[in-house]
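Numbering (numbering that gives the first Met the number 0), first residue to last: 0 to 172.
Ideal placement from N, C-alpha and C gives every residue a C-beta, glycine not left out.
Bear in mind that the values here come from a model prediction, so they are computed numbers and not experimental data.
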Amino acid sequence: MLAKLILSLIIIISAGIIGYVLAYRYVERNQELKNLYIAFQLLETEIMYSSSSLPIALKRVGIKSKNPLGKFFTGTYKILDSKQGIGIEEAWSRTVEETISETSLNNEDKDILLDFGFNLGSTDKEHQMKNFQFIYLQLKKRQDNAENLRMKNEKMFKTLGILIGIAIAIVFV
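As structure tokens, this is what we get:
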């Protein structure tokens with residue numbers, strides 16, 4: 000009897016933890032989008048107002064940004080700094096493709112990042128400002144969407160994990 004009780008508790012706790020892990024993914028994505036917005040603001044400041052060269056600006060922003068998001072910037076800097084003759088757009092694309100799996104960002108978020116890299120460093124300051132304004136709008140939309148998904152799904156996954164654990168415990172006991 001005691002073994003069944005302990006097994007039931009283990010099942011309920013394990014299923015609850017799985018529910019919390021799935022729910023955390025929504026929280027984490029929302030936070031990463033906010034941090035990415037801040038990182039792009041830092042990059043804009045470095046380029047527009049500090050007049051840093053793009054590779055140096057990317058390095059500084061990467062150092063200041065939270066991981067794994069900072070890797071988007073430092074990775075691009077490292078590729079550019081390696082003097083392999085790779086352009087900014089390709090360096091950014093490679094880094095995004097390599098790093099995106101370490102984040103909670105989805106494919107739509109990745110597409111926004113890749114689009115940003117398409118114009119990065121290839122135009123004058125006025126067009127760079129437009130590129131930054133565009134990514135701010137896109138990230139804000141994605142943040143709002145992520146917040147709605149978080150509010151809708153976070154509680155559901157947490158509750159569902161515990162309820163499924165209880166259901167499994169009842170079936171096996």
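Check: Own chain, CB closer than 6 Å to G116, minus 5 neighbours either side, in chain order; Outcome: E88, W91 and S92
Check: Inter-residue Cα distance where the pair is L32 and V95; Outcome: 14 Å
Check: Simplified DSSP state of L119, which is helix, strand or coil; Outcome: coil
Check: Nonlocal neighbours in the same chain, by C-beta distance under 6 Å from N34, ignoring five residues either side; Outcome: K65 and L68
Check: Euclidean distance between Cα positions of S81 and L119; Outcome: 18 Å
Check: Beta-carbon contacts of K124 that lie in its chain and below 7 Å, excluding the five residues immediately before and after; Outcome: M47
Check: Cβ distance (whole Å) where F131 is taken to contact F39 below 8 Å; Outcome: 6 Å
Check: Three or more C-beta pairs below 8 Å linking the stretch 152-171 and the stretch 42-57; Outcome: no
Check: Minimum C-alpha distance to H126 - residue among V26, A56, I167 and E43; Outcome: E43
Check: Start and end residues, alpha helix (DSSP H) containing E173; Outcome: Any question about residue 173 goes unanswered here, given that the chain covers just 0 to 172.
Check: Distance between Y23 and S103 (C-alpha atoms, nearest Å); Outcome: 10 Å
Check: Backbone CA spacing between L148 and Y25 [nearest angstrom]; Outcome: 7 Å
Check: Within 8 Å, strictly: CB atoms of T98 and K63; Outcome: no
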